[in-house]
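Using my numbering, read the sequence shown as starting at 585 and increasing by one per residue.
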Amino acid sequence: AVDNINLTVVNCPAPTALNATNITTTSAELSWTETATATDWKIQYGLATFFPNNGPVVTVGTNPVVLSGLQPASMYDYYVRAKCGSTNGDSSWSGPYSFVTGCSTTNVPYVMNFETTTVPALPNCTSQENVGTGNLWTVVNNPGFGFTTKTLRYNYSFSEDANVWFYTQAINLVGGTTYAISFDYGASPFGTYVEKLKVAYGTSASATAMNNSIVDYPNVINDTPLNSSTQFTPATSGVYYFGFNAYSDSNQNGLFVDNINID
585 AVDNINLTVV NCPAPTALNA TNITTTSAEL SWTETATATD WKIQYGLATF
635 FPNNGPVVTV GTNPVVLSGL QPASMYDYYV RAKCGSTNGD SSWSGPYSFV
685 TGCSTTNVPY VMNFETTTVP ALPNCTSQEN VGTGNLWTVV NNPGFGFTTK
735 TLRYNYSFSE DANVWFYTQA INLVGGTTYA ISFDYGASPF GTYVEKLKVA
785 YGTSASATAM NNSIVDYPNV INDTPLNSST QFTPATSGVY YFGFNAYSDS
835 NQNGLFVDNI NID
């Protein structure tokens, strides 16, 4: 059965194809496709999952438009509606479209215990790079072997060697100043499986920049956490990233890192 068919003209259709590009730590360029002839629009935005109509509403006359004054390392939602004049009114809201602002550099002390992370994702402002063919780092909750909270883990591949880096947020360091980095690490060896971990730092979050070695543990077989603490002195002031490289052979088991502290 079909009943009450009604075909009407929409005098002010809503914009489509919302997007956000050129995202920085505090700004983003918003754009959309105008489906009629509007030359003015209203934008509503806020931190992700904000309730529509509770965020600030900005009227703009350009598309795209740069939204500024945002918080670093934060997820935002935005909506847009067309203004079609006094006769046709405004369109309905289109959205939400979500984007994440960039991460700013931070200062010491830097502490990463992974507790605010949503499993299995990595923490905000951290990253990883797989320069091999093995698996990626993930965050797990209470994996055992003495690690009872959220912990960074490399889980083995049956056939591929590990070569994956986990990178901290960018950290400001002063040349000639002595710092210490400490962290807990361990494995799930079941008596025979050997894991391999090395730590270095450099001026970008990339394997080719990890030129300053801190420690190398090629024989991690302990089944309870160990603590590593090492002092280092950067030669020059700048922004640095710290990398944790799982380079275990294939068909091993699990490698864990937790409670990273740089001071």
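Cβ atoms here follow ideal geometry from the backbone N, Cα and C, with glycine treated the same way.
Please return the same chain residues whose Cβ sits closer than 8 Å to the Cβ of residue i, not counting the five positions on each side in sequence.
{"i": "Val715", "result": "Asn747, Val748, Trp749 and Ala791"}
{"i": "Thr608", "result": "Thr685 and Gly686"}
{"i": "Pro640", "result": "Gln628, Tyr629 and Gly630"}
{"i": "Glu744", "result": "Gly716, Thr717, Gly718, Asn719 and Ser834"}
What did DSSP end up calling residue i once you bin it into helix, strand or coil?
{"i": "Gly669", "result": "helix"}
{"i": "Thr685", "result": "coil"}
{"i": "Glu618", "result": "coil"}
{"i": "Tyr801", "result": "strand"}
{"i": "Asn697", "result": "coil"}
{"i": "Leu839", "result": "strand"}
{"i": "Ser678", "result": "strand"}
{"i": "Ala601", "result": "strand"}
{"i": "Tyr769", "result": "strand"}
{"i": "Gly822", "result": "strand"}
{"i": "Ser711", "result": "strand"}
{"i": "Asn756", "result": "strand"}
{"i": "Gly827", "result": "strand"}
{"i": "Asn606", "result": "coil"}
{"i": "Asp661", "result": "strand"}
{"i": "Val723", "result": "strand"}
{"i": "Asn647", "result": "coil"}
{"i": "Phe729", "result": "coil"}
{"i": "Val641", "result": "strand"}
{"i": "Val692", "result": "coil"}
{"i": "Glu744", "result": "coil"}
So residue i and residue j are supposed to be a Cβ contact under 8 Å. How far apart are they, rounded?
{"i": "Ala612", "j": "Leu654", "result": "7 Å"}
{"i": "Val799", "j": "Gly827", "result": "With 8 Å as the limit, Val799 and Gly827 do not qualify as a contact, their Cβ atoms being about 12 Å apart."}
{"i": "Glu618", "j": "Asn595", "result": "Not quite, the Cβ-Cβ distance comes to about 14 Å (not below 8 Å), so this is no contact."}
{"i": "Gly786", "j": "Tyr824", "result": "7 Å"}
{"i": "Ser682", "j": "Ala632", "result": "6 Å"}
{"i": "Ala830", "j": "Trp721", "result": "7 Å"}
Around the C-beta of residue i, are 16 or more other C-beta atoms found within 10 angstroms, so that it is buried, or is it exposed?
{"i": "Asn603", "result": "exposed"}
{"i": "Pro707", "result": "buried"}
{"i": "Ile765", "result": "buried"}
{"i": "Gln815", "result": "exposed"}
{"i": "Asn588", "result": "exposed"}
{"i": "Pro693", "result": "exposed"}
{"i": "Asp921", "result": "This structure cannot speak to residue 921, because the chain is shown only from 585 to 847."}
{"i": "Met659", "result": "exposed"}
{"i": "Glu713", "result": "buried"}
{"i": "Asp847", "result": "exposed"}
{"i": "Asn843", "result": "buried"}
At which residues does the beta strand (DSSP E) containing residue i begin and terminate?
{"i": "Ala791", "result": "From DSSP, Ala791 is part of no beta strand (DSSP E); its letter is neither H nor E."}
{"i": "Ser812", "result": "Leu810 to Phe816"}
{"i": "Asp587", "result": "Taken as a continuous stretch (DSSP letters only), Asp587 belongs to no beta strand (DSSP E), as it is neither H nor E."}
{"i": "Gly630", "result": "Asp624 to Leu631"}
{"i": "Phe750", "result": "Val748 to Tyr751"}
{"i": "Tyr777", "result": "Neither: Tyr777 is in no beta strand (DSSP E) and is coded neither H nor E."}
{"i": "Tyr738", "result": "Lys734 to Asn739"}
Determine, using beta carbons only, whether residue i comes closer than 7 Å to chain B.
{"i": "Gln753", "result": "Here there is only one protein chain, and chain B is not present."}
Short of 6 Å in beta carbon distance, which residues of its chain neighbour residue i, apart from the five on each side in sequence? Order them along the chain.
{"i": "Tyr740", "result": "Gln836 and Asn837"}
{"i": "Ala680", "result": "It is Pro, not Ala, that sits at residue 680 in the sequence shown. Around Pro680: Asp661 and Tyr663."}
{"i": "Ser821", "result": "Val758 and Gly759"}
{"i": "Pro802", "result": "Lys780"}
{"i": "Asn606", "result": "Glu613"}
Can you name, in chain order, every residue of its own chain whose Cβ lies under 7 Å from the Cβ of residue i, other than the five neighbours on each side?
{"i": "Phe634", "result": "Asp661"}
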